[in-house]
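Keeping their order, the protein sequence lines are chains L and E.
Under the working numbering, the first residue of the first sequence carries the number 10, and numbering increases by one thereafter.
Under the working numbering, the first residue of the second sequence carries the number 10, and numbering increases by one thereafter.
Note that beta-carbon positions come from the ideal geometry of N, C-alpha and C, so glycine has one too.
There are 2 protein chains.
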Amino acid sequence: MSIPPFKLNGRIWLEIDEEKVLGHGRVELLERIHESGSIRQAALQMKMSYKQAWDLVNHINNGFKQPLVISKRGGKGGGIALLTPFGQEVIEEFKELQQKFFKFLEENGKK
Amino acid sequence: MSIPPFKLNGRIWLEIDEEKVLGHGRVELLERIHESGSIRQAALQMKMSYKQAWDLVNHINNGFKQPLVISKRGGKGGGIALLTPFGQEVIEEFKELQQKFFKFLEENGKK
DNA sequence: TTGCGTTATACTTTTAAAAATATAACGAAA
DNA sequence: TTTCGTTATATTTTTAAAAGTATAACGCAA
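What follows is the structure, given as structure tokens:
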């Protein structure tokens, strides 16, 4: 581009039935759930409320036909949450798409 | 991708000082201003209020250092608005970026 | 010099999103 | 059978964004 110092930026996401089901923030949440085994811990790490995190997880699981996250309450530790193999597969593929997109932004963002 | 029928979608925009200054909606507004010579007409076409359109134009002009839109009030027709050559140049380049981005989405969106 | 349609701007109201609060359900372990 | 920390969910409150309303300023043309 020619004149002032501006930067190309953007976002990508996956849609099902015209509705956004997975974007960069939700993927980060899923990753943290996977690592910590807890929705609550993931929410704390991302400085959002448990409710908000749970709503997101719920929305994701509903959007896709199969759940990406399985959770149980009660028991040792109070409860647990984990990614299904399908969930792991989906976020892996999304992250690859994101890599390509970052590359796109870099290549085309130069003036 | 492997399982359900989902679609890759996204948006790109230009930022100046970490702030969004031009995206797909604003470009459409600018184009309509250019064609009609009127902020009000452009707003009507896009079913937004004049105020909202004017705020957007104002924000765009402030974000870039040079104005993309020049407007005058009074006179024949009540007033007029038009794109500067710089404005025309910017939206032209942004539209090219958008074309490339659409291509990116198509190429990578296939499962 | 009055009327006209637009630009320009302030102010208020409405709406929607986000955040906060509260509470029930659960199951392992002590 | 009680405690514990979490999941699960409803309800309320707060906040921010959007929309709406009102009005002044302007300059050409009649």
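- L/ARG41 places its beta carbon less than 7 Å from that of L/GLN54.
- With contacts defined as CB atoms closer than 7 Å, L/PHE95 and L/GLN75 qualify as a contacting pair.
- Taking a contact as a CB-CB distance under 8 Å, the pair E/SER58 and E/ILE89 does not count as one, their CB atoms being some 19 Å apart.
- With contacts defined by Cβ atoms closer than 7 Å, E/LYS16 and L/GLU24 form a contacting pair.
- The C-alpha of L/GLU28 is placed about 18 Å away from the C-alpha of E/PHE111.
- Cβ contact annotation for E/GLY72 (same chain, cutoff 7 Å, sequence separation greater than five): ILE25, GLU28 and VAL30, in chain order.
- Within the region 69 to 95 of chain E, contact with chain L at the beta-carbon level (separation under 9 Å) is assigned to GLY72, PHE73, LYS74, GLN75 and PHE95.
- Burial of E/ILE21 is indicated by the presence of at least 16 other C-beta atoms within 10 angstroms of its C-beta.
- Listed along the chain, the chain E residues whose CB falls inside 9 Å of the CB of L/PHE111 amount to none; the nearest CB is some 11 Å away.
- Unbroken beta strand (DSSP E) runs of no fewer than 3 residues, entirely contained in the region 33 to 72 of chain L, are not found.
- Under the Cβ distance rule, E/LYS104 does not count among the residues neighbouring chain L, no pair being separated by less than 7 Å.
- DSSP places E/GLY83 in no alpha helix (DSSP H); its state is neither H nor E.
- Within the region 18 to 29 of chain E, the residues whose Cβ lies closer than 7 Å to some Cβ of chain L are ASN18, GLY19, ARG20, ILE21, TRP22, LEU23, GLU24 and ILE25, listed in chain order.
- Boundaries of the alpha helix (DSSP H) harbouring L/GLU101: 94 to 118, taken from the DSSP string.
- Proximity of L/ASN67 to chain E, defined by a Cβ-Cβ separation below 7 Å, is not satisfied.
- Straight-line measurement puts the Cα of L/GLN107 at about 36 Å from the Cα of E/THR93.
- Here L/GLU28 is bridged, per DSSP, to L/ILE25.
- Setting aside the 5 residues that flank it on each side, E/LEU65 is surrounded in the same chain by ARG35 and LEU38, each with a C-beta closer than 7 Å to its C-beta; the list follows chain order.
- About 11 Å separates the Cβ atoms of L/ASN67 and L/LEU77, ruling out a contact at the 8 Å cut-off.
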